[in-house]
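Start counting the sequence shown at 0; every next residue gets the next number (numbering that gives the first Met the number 0).
From the three backbone atoms N, C-alpha and C, an ideal C-beta is built for every residue, glycine too.
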Amino acid sequence: MSDGDQYRLPTNVKPIHYELTIKTDLEKLDFRGLVKISLDVKTETSSITFNSTGLELTRASLYSDALKVEQPLTNPTIDDAQQRVTYQLTDKLPPNSEAEFKVFFSGTLSEEITAYFKSSWVDKGKTKHYALTQFAPTSARRAFPCWDEPLLKATFSVSMISRANTVNLSNMPVESEHPLTPGLMLDIEIDEVLLAGTQNEEWKVAKYKKTPLMSSYLVAFANGEFGYLESSVVMPLSGKTLPLRVYATKDVISQAQFALDVKKAVLPLYEEIFDVEYPLPKLDTFVSHDLDGAMENWGLIVGGMNDLLIDPKRASVQGKKLAAWMECHEIAHMWFGNITTMEWWNYIYLNEGPSFSFSRVFPEWRVNTEFTVKHLSGALTLDAKFSSHPIEVDIPDANHVVEIFDALSYSKAASVLRMLSSYVGEEKFLKGVSLYLKKNLFANTRTHDLWEGISEMGFPVITVTEEADRKGIVVRQDRFLETGPAELRIMRRSVVDNGAILQERDNFFPLDTSKPFKLNSGTNGVYRVLYTPERLAQIAAEAATENSMFSLDDRLGLVLDAMAISRAGLTKLSSALTLVELWRNEKECYLVWQGIADSLDILVSTWWEHPDVTEKLNTFRRSLFVPLVAKLGYDYPEGEAPDKALLRQLAIAQASSAGDEGVNAELKSRFQYYLETGDDSKVPAESQGDIFAAAVKYGGRKEYEAMVKICDGPKTTQEKISSVRGLSSAQDESLLKETFEFISNKARNPDIIQLCRWLPKNDKARRLLTKYVQGQYDILYNRFIDGFLFGTIIRVSKE
Numbered sequence: 000m001s002d003g004d005q006y007r008l009p010t011n012v013k014p015i016h017y018e019l020t021i022k023t024d025l026e027k028l029d030f031r032g033l034v035k036i037s038l039d040v041k042t043e044t045s046s047i048t049f050n051s052t053g054l055e056l057t058r059a060s061l062y063s064d065a066l067k068v069e070q071p072l073t074n075p076t077i078d079d080a081q082q083r084v085t086y087q088l089t090d091k092l093p094p095n096s097e098a099e100f101k102v103f104f105s106g107t108l109s110e111e112i113t114a115y116f117k118s119s120w121v122d123k124g125k126t127k128h129y130a131l132t133q134f135a136p137t138s139a140r141r142a143f144p145c146w147d148e149p150l151l152k153a154t155f156s157v158s159m160i161s162r163a164n165t166v167n168l169s170n171m172p173v174e175s176e177h178p179l180t181p182g183l184m185l186d187i188e189i190d191e192v193l194l195a196g197t198q199n200e201e202w203k204v205a206k207y208k209k210t211p212l213m214s215s216y217l218v219a220f221a222n223g224e225f226g227y228l229e230s231s232v233v234m235p236l237s238g239k240t241l242p243l244r245v246y247a248t249k250d251v252i253s254q255a256q257f258a259l260d261v262k263k264a265v266l267p268l269y270e271e272i273f274d275v276e277y278p279l280p281k282l283d284t285f286v287s288h289d290l291d292g293a294m295e296n297w298g299l300i301v302g303g304m305n306d307l308l309i310d311p312k313r314a315s316v317q318g319k320k321l322a323a324w325m326e327c328h329e330i331a332h333m334w335f336g337n338i339t340t341m342e343w344w345n346y347i348y349l350n351e352g353p354s355f356s357f358s359r360v361f362p363e364w365r366v367n368t369e370f371t372v373k374h375l376s377g378a379l380t381l382d383a384k385f386s387s388h389p390i391e392v393d394i395p396d397a398n399h400v401v402e403i404f405d406a407l408s409y410s411k412a413a414s415v416l417r418m419l420s421s422y423v424g425e426e427k428f429l430k431g432v433s434l435y436l437k438k439n440l441f442a443n444t445r446t447h448d449l450w451e452g453i454s455e456m457g458f459p460v461i462t463v464t465e466e467a468d469r470k471g472i473v474v475r476q477d478r479f480l481e482t483g484p485a486e487l488r489i490m491r492r493s494v495v496d497n498g499a500i501l502q503e504r505d506n507f508f509p510l511d512t513s514k515p516f517k518l519n520s521g522t523n524g525v526y527r528v529l530y531t532p533e534r535l536a537q538i539a540a541e542a543a544t545e546n547s548m549f550s551l552d553d554r555l556g557l558v559l560d561a562m563a564i565s566r567a568g569l570t571k572l573s574s575a576l577t578l579v580e581l582w583r584n585e586k587e588c589y590l591v592w593q594g595i596a597d598s599l600d601i602l603v604s605t606w607w608e609h610p611d612v613t614e615k616l617n618t619f620r621r622s623l624f625v626p627l628v629a630k631l632g633y634d635y636p637e638g639e640a641p642d643k644a645l646l647r648q649l650a651i652a653q654a655s656s657a658g659d660e661g662v663n664a665e666l667k668s669r670f671q672y673y674l675e676t677g678d679d680s681k682v683p684a685e686s687q688g689d690i691f692a693a694a695v696k697y698g699g700r701k702e703y704e705a706m707v708k709i710c711d712g713p714k715t716t717q718e719k720i721s722s723v724r725g726l727s728s729a730q731d732e733s734l735l736k737e738t739f740e741f742i743s744n745k746a747r748n749p750d751i752i753q754l755c756r757w758l759p760k761n762d763k764a765r766r767l768l769t770k771y772v773q774g775q776y777d778i779l780y781n782r783f784i785d786g787f788l789f790g791t792i793i794r795v796s797k798e
């Protein structure tokens, strides 16, 4: 037995098909069900073991096609640690036969945002509930007994029993839907067990079409009073017209049009790029009040309001970019992850990396360049820590899989794919991706199925030494750590510089160093580059010229590398700041300014307990960004270029954060006007968060209580996000105490995540957040159990 076998289900049987019937009661807030699972018996079998936890299992039986006998199953053995149940069989099942396992179960709709959980909304002053699933990575077993491992793909036929005034959703389209009447199910056991208590009430049953082969974590269903927006699209390969819908509760469905439009634009594009037909007959999206992020359930994407809803009258560019990216990412998963699924959680990057790489469908937003700031830089920052891990991580115990849902599994994997695409050429790369998908349709994959050798931990820093006498440069690669030099880990990466390949620890390359040069052209490589201060200054000066040979992506890479390398102590900070000083007249794109701002933010955050240092850094920030505010102003003309709007917002945010009195006075006055008149015309959507934060930071209880009121009844989803940011900005400890009470008593899960992202940016709240998370650890852990977000809370509370 290998080390991982103890954490994997036995291989004596394999599920083939599930017939799942779920009855949801939104008044009692519970559910019950029956699952019939067709099994392929691989070897002689005297017991069956499957995943189940948190459910009450009642009547169970197993019918063998070979024995023609149905065995009642009793006295199960429960393994709580591995979330398994085992039934012993009185009659052994012969090998190479089929059987049907049947079990009734019941459970309570989860309080946590996992498994089959309950959520609430307010309709005309009345609180109503709906139910929704979130199974990834290992929570399907909390909603129905199953073989809950990604390799054990099967087909699913789902039936949902619900109150007549509700809407049911699942992965596939409805095959039939009828009012529930006695005998309708044509199954005496279902009538007895599932339909008890429905005789004097109006219920209905919806049956859904059979799914393709899929992993259990991709099964999804929902029940509640939902509205929807709909459209359709003609798919380029099949020529079929595919119905598209976005569902949400009636109070917010009007803000879902943008997500629907993105889906309509993106789905056929991906089918064409991958050259593989989208295999399902529909694609829905459901927007939840309680989710943060989104999940790629096949045919039924689910996501949070903060991530997917856009008020058409008050939409910021950043809000649109987030919603578009979220839909693009999840739709890419319809191929990467759903059609082709990783064999085990070790290979999660095979799902996540490609879905990042192809989420680029809005050229006016320069998404490819933004990738460098948002993903490549973030991945390299995390990878520079001693706590880094390989892209491919050995996770024998699925209970720990959430620990690797981080920027390495997502962003670094995508960055390596992007580097490979740049090296071999996009056309060849996409052809290879298409062949990978076609070869593994409805199957499971490992690393070698895409390519080998990308899973080594860490990334190199490329040191460039000029040798005038030899007329060239020596390029050396070492592992990069934010804390400076450490034990060498020899890398074998393809480093592209006009066709040059670095395959050893160091190599000499002939080069005319009297002319400008730069390694990592286009910033596609997953590594940092360390130049001498003199060479960096020369490159920076060339990059600052009007007709520079260096592209926007090159300039962005230079500033991010210089800042990261100086933070690691490999060069003086003054060298990086000199580069920034040379670029204070940057005009082409806000993304270079974004890279500068992000790097300065990290520096200020690092030195937050040394006000003498942070004030010098803030003085430098003000010198850069206050002139931009003066030039660009505070208002956002309709129809202006996205770059200009984004640069204005960034400049205002940086100037305010750096403590500029004039900028903050303007932001405070705009909030005051909103409070006095109710007119939010002076609070543009782009700068709303900055205005709310400044109002509370430089105000007092009056502003704080106004923010609480806005948070309780926001006009839009974005206003809710901005108000939560405002609550995070208080400087008075008594007000911050109320913010933490809000987390404990009122905040929904997305609010908590937003608060935990903003509180560390407030010097007065950082230690308070750490103490709060320590004191509330068990409560927070249980609230976010089996979710991806608890790790975010822990990480930010330590920063």
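_So for N781, helix, strand or coil by DSSP?_
In the structure shown, N781 sits in a helix (DSSP, three-state: H, G or I).
* So V265 packs on I330, CB below 8 Å; how close in whole Å? -> Correct: roughly 5 Å between the Cβ atoms.
Next item on the list: Using beta-carbon positions only, say whether K208 and L241 come within less than 8 Å of one another.
Entry: With a cutoff of 8 Å on beta-carbon distance, K208 and L241 are scored as not near each other.
Practice problem: Could you give the DSSP three-state label for R7: helix, strand or coil? | Solution: If DSSP states are grouped into helix, strand and coil, R7 belongs with coil.
Drop a sphere of 10 angstroms on the beta-carbon of V121, count the other beta-carbons inside from all chains shown, and report buried for 16 or more, exposed for fewer.
V121 comes out exposed.
message: Let me check one thing: in DSSP terms, what residues is M159 bridge-paired to?
response: Note: M159 sits in a beta bridge opposite I21, A205.
Assess, as a yes-or-no matter, whether the region 619-630 is touched by the region 640-650 under the definition of 3 or more beta carbon pairs within less than 8 Å. Judged by Cβ distances under 8 Å, the region 640-650 makes contact with the region 619-630, as three or more pairs qualify.
Exercise. Thinking P759 and V795 are a contact (beta carbons under 8 Å), I'd like their distance in whole angstroms, please.
Key: Separation of the CB atoms of P759 and V795 is rounded to 5 Å, and the pair is thereby assigned contact status at 8 Å.
- May I ask whether a heavy atom of the ligand MN can be found less than 7 Å away from the beta carbon of S45? Although the ligand MN was asked about, the structure shown includes no ligands whatsoever.
Taking C-beta to C-beta, are V245 and V275 nearer than 8 Å? When the beta-carbon positions are compared, V245 and V275 stay at least 8 Å from each other.
Problem set entry | One or two residues paired with M341 in a DSSP bridge | BP columns for M341 point to T444.
**Straight-line gap, V603 to I595 (C-alpha atoms, nearest Å)** = If I take the Cα positions, the gap works out to 12 Å.
Q: Measure the C-alpha to C-alpha separation of F516 and I564 and round it to an integer number of angstroms.
A: Roughly 19 Å between the two C-alpha positions.
(message) By the three-class DSSP mapping on this structure, what secondary structure does E276 have?
(response) In the structure shown, the three-state DSSP call for E276 is coil.
Going along the chain, which residues of its own chain have a beta-carbon closer than 8 Å to the beta-carbon of D801, five neighbours each way excluded?
One cannot answer for residue 801 here, as it falls past the ends of the chain, which runs 0 to 798.
| said: Using a 10 Å radius around the Cβ and a threshold of 16 neighbouring Cβ atoms, would you call D393 buried or exposed? | reply: Label assigned to D393: exposed.
* To do: Go through the region 69-109 residue by residue and report every complete run of the beta strand (DSSP E) that reaches 3 residues or more, in order.
  => Runs of the beta strand (DSSP E) lying entirely within the region 69-109 and spanning at least 3 residues, in chain order: 76-78, 83-92, 96-107.
Three-state secondary structure (DSSP) of K312
DSSP places K312 in coil when its eight states are reduced to three.
Check this for me: beta carbons of D39 and K13, under 8 Å apart or not? Yes.
Open item on the list: Please state the DSSP three-state secondary structure of A657.
Closed with: If DSSP states are grouped into helix, strand and coil, A657 belongs with coil.
Under three-state DSSP, which class holds Q133?
-> It is a strand residue.
Cβ of V463 within 8 Å of Cβ of L518?
Yes, Cβ-Cβ distance for V463 and L518 is below 8 Å.
Could you name the residues that DSSP lists as bridge partners for H177? Answer is V204.
Quiz prompt | Closest Cα partner of T512 within the set P532, V528, I472 | solution = Checking every option, the nearest Cα to that of T512 belongs to I472.
| field | Rounded straight-line distance, which links the Cα of D306 to that of Q717 | value | Within the model, the alpha-carbon separation for Q717 versus D306 is close to 10 Å.
**Prompt:** Distance, Cα to Cα, K643 vs T544?
**Reply:** For the pair K643 and T544, the Cα-to-Cα distance works out to about 21 Å.
* Asked: What do you get for P610, buried or exposed, if any count of 16 or more other CB atoms within 10 angstroms of its CB means buried?
  -> Label assigned to P610: exposed.
So, with DSSP's three-state summary, where would you put C145?
C145 sits in a strand when the DSSP states are folded into three classes.
(Q) Does any residue of chain C have a CB that is nearer than 8 Å to the CB of M325? (A) Going by chain labels, chain C is absent from the structure shown, which holds only one protein chain.
- prompt: Just how far apart, CA to CA, sit I272 and G226?
  reply: Going by the C-alpha atoms only, they are around 32 Å apart.
**Asked** Should G524 be labelled buried (16 or more other beta-carbon atoms within 10 Å of its own) or exposed?
**Response** By the neighbour-count rule (16 or more Cβ atoms within 10 Å), G524 is buried.
### Task
For D4, collect the residues of the same chain with a Cβ closer than 7 Å to its Cβ; drop the 5 residues on either side in sequence, then sort them by chain order.
Around D4, the same chain offers no residue with a beta carbon nearer than 7 Å, after the five sequence neighbours per side are excluded.
DSSP three-state assignment for M871, whether helix, strand or coil: What the structure shows of the chain is the stretch from 0 to 798, and residue 871 is not part of that stretch, so it cannot be assessed.
How big is the Cα-Cα spacing for E110 and R782?
The alpha-carbon atoms of E110 and R782 are separated by roughly 7 Å.
Per DSSP, H16 is paired with what?
DSSP, once it has assigned bridges, lists S37, T154 as partnering H16.
Can you list, in chain order, the residues of its chain whose CB lies under 6 Å from that of D310, leaving out five sequence neighbours each side? The answer, listed in chain order, is Q254, T715.
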